[in-house]
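So the structure is just underneath, and the comments pick up after that.
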Amino acid sequence: MKVFFEQYFDFHIMGEHFGEVFEAFLQNLLIFFVAAIIALIWGLVLALFRQAPGKKFIPIRVLTIAYIDVLRAVPLLIIILMISGGVPFLDFLPKDIRIPHWLGKPDPFWYGVAALVFVYGAYMAEVYRAGIEAVPSGQMEAARSLGMSHLQAMRHIIVPQAVTKVPAPMLNELISLLKDTTLVSVIAFGESVLVSREILAEQLNSSALVLTAAFFLVICLPGARLVDYLIKRNQGKMSRGAHIEVA
Amino acid sequence: MPEPMVQLKGVRKRFGNLEVLKGVDLDVGKGEVICILGPSGSGKSTLLRCVNLLAPPEDGEIFLEGQDICKGPGSGTGEQSWNLDFVRQRVGMVFQQFNLFPHKSVLANVTLAPQQVLGKSKKEAEEKGRALLERVGLGDRLGQYPETLSGGQQQRVAIARALAMEPHVMLFDEVTSALDPELVKEVLDTMRELAEEGMTMLVVTHEIGFAREVGDQVVFMDGGVVVEQGEPKQVLDNPQEERTQKFLGLVLER
Numbered sequence: 001m002k003v004f005f006e007q008y009f010d011f012h013i014m015g016e017h018f019g020e021v022f023e024a025f026l027q028n029l030l031i032f033f034v035a036a037i038i039a040l041i042w043g044l045v046l047a048l049f050r051q052a053p054g055k056k057f058i059p060i061r062v063l064t065i066a067y068i069d070v071l072r073a074v075p076l077l078i079i080i081l082m083i084s085g086g087v088p089f090l091d092f093l094p095k096d097i098r099i100p101h102w103l104g105k106p107d108p109f110w111y112g113v114a115a116l117v118f119v120y121g122a123y124m125a126e127v128y129r130a131g132i133e134a135v136p137s138g139q140m141e142a143a144r145s146l147g148m149s150h151l152q153a154m155r156h157i158i159v160p161q162a163v164t165k166v167p168a169p170m171l172n173e174l175i176s177l178l179k180d181t182t183l184v185s186v187i188a189f190g191e192s193v194l195v196s197r198e199i200l201a202e203q204l205n206s207s208a209l210v211l212t213a214a215f216f217l218v219i220c221l222p223g224a225r226l227v228d229y230l231i232k233r234n235q236g237k238m239s240r241g242a243h244i245e246v247a
Numbered sequence: 001m002p003e004p005m006v007q008l009k010g011v012r013k014r015f016g017n018l019e020v021l022k023g024v025d026l027d028v029g030k031g032e033v034i035c036i037l038g039p040s041g042s043g044k045s046t047l048l049r050c051v052n053l054l055a056p057p058e059d060g061e062i063f064l065e066g067q068d069i070c071k072g073p074g075s076g077t078g079e080q081s082w083n084l085d086f087v088r089q090r091v092g093m094v095f096q097q098f099n100l101f102p103h104k105s106v107l108a109n110v111t112l113a114p115q116q117v118l119g120k121s122k123k124e125a126e127e128k129g130r131a132l133l134e135r136v137g138l139g140d141r142l143g144q145y146p147e148t149l150s151g152g153q154q155q156r157v158a159i160a161r162a163l164a165m166e167p168h169v170m171l172f173d174e175v176t177s178a179l180d181p182e183l184v185k186e187v188l189d190t191m192r193e194l195a196e197e198g199m200t201m202l203v204v205t206h207e208i209g210f211a212r213e214v215g216d217q218v219v220f221m222d223g224g225v226v227v228e229q230g231e232p233k234q235v236l237d238n239p240q241e242e243r244t245q246k247f248l249g250l251v252l253e254r
């Protein structure tokens, strides 16, 4: 038992490397925030493409559905490796895009952000879509009968109502996104898992990894509770009849 | 005979394999109130949705103020047609389920489309919106949200919202069917006033009393066709067709 605790809960090692691991964890948070903001917008754009009306937009709908299905079916790790391993050699792209060093961040950071945005944009598009489909069809009919275009109706009537229905499932996606930022360690970006693996290799001790796990717990556990709370609150609203006119 | 406002010629509409309208002809003169009766599934609501192209017909012609709205230049029927704006700005619609925008205040429900579609200024749209809500008896509810209103009040807001676009024709799709009985009258009164002011109205309804009193013509539909049509007295008191007699018998028995 002693061996077990020394391997995973050596407080001496944790204390010694606390600052280092914490700083690396801040890098995870930074990837998360940048990727989350872009993915939340990209996901909405995809959801709107998917709902574009009429024959004219069939190609856009088909392409969007294909994108969403494929990106959700392929492992994120493969996407990360494909981007970081391939994009630098696409010499028809400008150098700033092949090897990005924007805002003083190294290229692995941006490859990681790009991969997370591509994949989580697809997941979030499905969340938005569920929200859009939960708005009664009479809302679109009413807006169109008043002369609004499809886009005006989406912007003023459908999307504002749809986003009030998605916080709980969206928060689930965000929690996954935060955890998946650790995958960027495979392309040598110095985030918390990479740093704690180096410590593991040096000291043959897993305590730094446990410390990293603890950081994620501190953020994600309250998040999971918040999801439950939001779902309960939403159900409460339904049963009080605040969501009128389901027909 | 007043000048024609809406004319339907051989209008057909199908949803998948189900043919809902099997060739409907109808003439509506300016200022006329046409009440459409019929059992559920007879195609009444679909007919209204054809007139404002929410459900563009597959076949037939619809003229609005003399313009063929089903055929635009170069493209087939309905959504692709350039007539969509022409139609939606001339034809207002009120729905059974009100379909008010729940995230907007009463006043914003009425002023949104005039600002977005007609390009009116906020001030202009709000002046008009206030006047319309005043007229339907809801001038004191401007800042409230739809869910705080009764069904009858919501439906009157929906009427004001449609009127804010200054339509030439109003479509009413069973607008009192979702209301508690004691709230029906306030909505019918509003519609009656509108008729007296000379609005052209197509009213799908089960309110026989309203049809008799306000309707210039009564149309009885069944199975996707117009079975009988004429002045209210004639159709309601002395129906010629067996299907009309049967339906009225069932409705009036209640």
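These protein sequences, in sequence, are chains C and A. Heads up: the first sequence at position 188 corresponds to 188 in the working numbering, and the numbers run straight through without jumps. Heads up: the second sequence at position 53 corresponds to 53 in the working numbering, and the numbers run straight through without jumps. Ideal Cβ placement from N, Cα and C applies to all residues, glycine included. Owing to the predicted nature of the structure, the values given are computational and were not obtained by experimental measurement.
Own chain residues within Cβ distance below 8 Å of residue i, not counting five before or after
i	result
N205 of chain C	E6, Q7, D10, I13, I199
T91 of chain A	Checking the sequence, you will find Val at residue 91 of chain A rather than Thr. V51, N52, L64, P167, H168, V169, M170, L171, listed in sequence order.
K122 of chain A	T111, Q115
M191 of chain A	I159, F172, V175, M201, V203, F210, V214
V186 of chain C	L77, I80, L81
Residue from the options whose Cα sits closest to the Cα of residue i
i	options	result
P114 of chain A	A:I36, A:L163, A:V203	A:L163
Q7 of chain A	A:Q67, A:F15, A:F98	A:Q67
A224 of chain C	C:L178, C:G15, C:E202	C:L178
R156 of chain A	A:L188, A:L37, A:F220, A:G224	A:L188
G112 of chain C	C:F32, C:E126, C:E202, C:L217	C:F32
E228 of chain A	A:K13, A:S42, A:P4, A:F15	A:S42
K185 of chain A	A:A131, A:G151, A:V251	A:G151
E193 of chain A	A:L183, A:M221, A:I159	A:I159
D228 of chain C	C:S176, C:V184, C:N172, C:L217	C:N172
F189 of chain C	C:L26, C:V3, C:K2, C:L221	C:L26
E16 of chain C	C:Q203, C:G85, C:F57	C:Q203
G223 of chain A	A:P39, A:Q240, A:V94	A:P39
V117 of chain A	C:R98, C:Q152, C:V119, C:F118	C:Q152
I231 of chain C	C:F4, C:G121, C:P169, C:A52	C:P169
G119 of chain C	C:V62, C:A39, C:I99	For the sequence presented, residue 119 of chain C should be read as Val rather than Gly. Comparing Cα positions, the closest option is C:A39.
6 Å Cβ shell around residue i - same chain, five flanking residues per side excluded
i	result
R212 of chain A	P232, L236
D59 of chain A	R12
A115 of chain C	I79, I80, I83
Residue i CB to nearest heavy atom of the ligand FAD below 7 Å
i	result
Q153 of chain A	Within the structure as shown, the ligand FAD is missing, as the structure has no ligands at all.
Reduced DSSP secondary structure (H/G/I, E/B, other) of residue i
i	result
F247 of chain A	helix
V117 of chain A	coil
F220 of chain A	strand
D173 of chain A	strand
D25 of chain A	strand
D140 of chain A	coil
D69 of chain C	helix
Q80 of chain A	Any reading at Q80 of chain A is ruled out, since the residue's pLDDT is 49, under 50, leaving its predicted position unreliable.
G190 of chain C	coil
R50 of chain C	helix
P73 of chain A	Since pLDDT at P73 of chain A reaches only 44, below the 50 mark, its modelled position is unreliable, and no value is offered.
L64 of chain A	strand
F15 of chain A	strand
P181 of chain A	helix
M82 of chain C	helix
G306 of chain C	The structure shown does not extend to residue 306 of chain C, since chain C is modelled only from 1 through 247, so no value can be given for it.
K9 of chain A	strand
P56 of chain A	coil
P4 of chain A	strand
G147 of chain C	coil
Start and end residues, beta strand (DSSP E) containing residue i
i	result
T200 of chain A	200-204
V225 of chain A	225-230
I158 of chain C	Element bounds for I158 of chain C: n/a, residue is neither H nor E.
V87 of chain C	Looking at the DSSP string, V87 of chain C is not in any beta strand (DSSP E), and its letter there is neither H nor E.
L37 of chain A	33-37
Alpha helix (DSSP H) segment containing residue i, residue limits
i	result
R98 of chain C	95-98
F109 of chain C	107-133
P102 of chain A	Note, P102 of chain A: premise wrong, no alpha helix (DSSP H); not H, not E.
V214 of chain A	208-214
Sequence-distant residues of the same chain with beta carbon closer than 7 Å to residue i, five excluded per side
i	result
R161 of chain A	N109, V110
L174 of chain C	A36
R88 of chain A	N52
- Contact between the stretch 207-225 of chain C and the stretch 39-54 of chain C: three or more CB pairs below 8 Å? Using a Cβ-Cβ distance cut-off of 8 Å, the stretch 207-225 of chain C and the stretch 39-54 of chain C are not in contact, since fewer than three pairs of beta carbons, one from each stretch, lie closer than that value.
- If you pair each beta-carbon of the stretch 137-145 of chain A with each one of the stretch 163-176 of chain A, do three or more pairs fall below 8 Å? No, the stretch 137-145 of chain A does not touch the stretch 163-176 of chain A.
- Message: Is it the case that the stretch 145-159 of chain A contacts the stretch 101-118 of chain A, given that we only count it when at least three CB pairs across the two stretches are under 8 Å?
- Response: yes
- Assess, as a yes-or-no matter, whether the stretch 151-171 of chain C is touched by the stretch 124-136 of chain C under the definition of 3 or more beta carbon pairs within less than 8 Å. yes
- Would you call the stretch 16-32 of chain A and the stretch 213-224 of chain A touching, i.e. three or more CB-CB distances under 8 Å? Result yes; three or more Cβ-Cβ pairs closer than 8 Å.
- Query: Is the stretch 134-147 of chain C close to the stretch 101-109 of chain C, with three or more CB pairs under 8 Å?
  - Reply: Counting Cβ pairs under 8 Å, fewer than three are found: no touch.
- Task: Evaluate the contact criterion for the stretch 184-196 of chain C versus the stretch 18-29 of chain C: three or more CB pairs, one atom per stretch, below 8 Å.
- Result: Touching, yes.
- Item | the stretch 56-73 of chain C touching the stretch 85-95 of chain C, judged by at least three CB pairs closer than 8 Å | no
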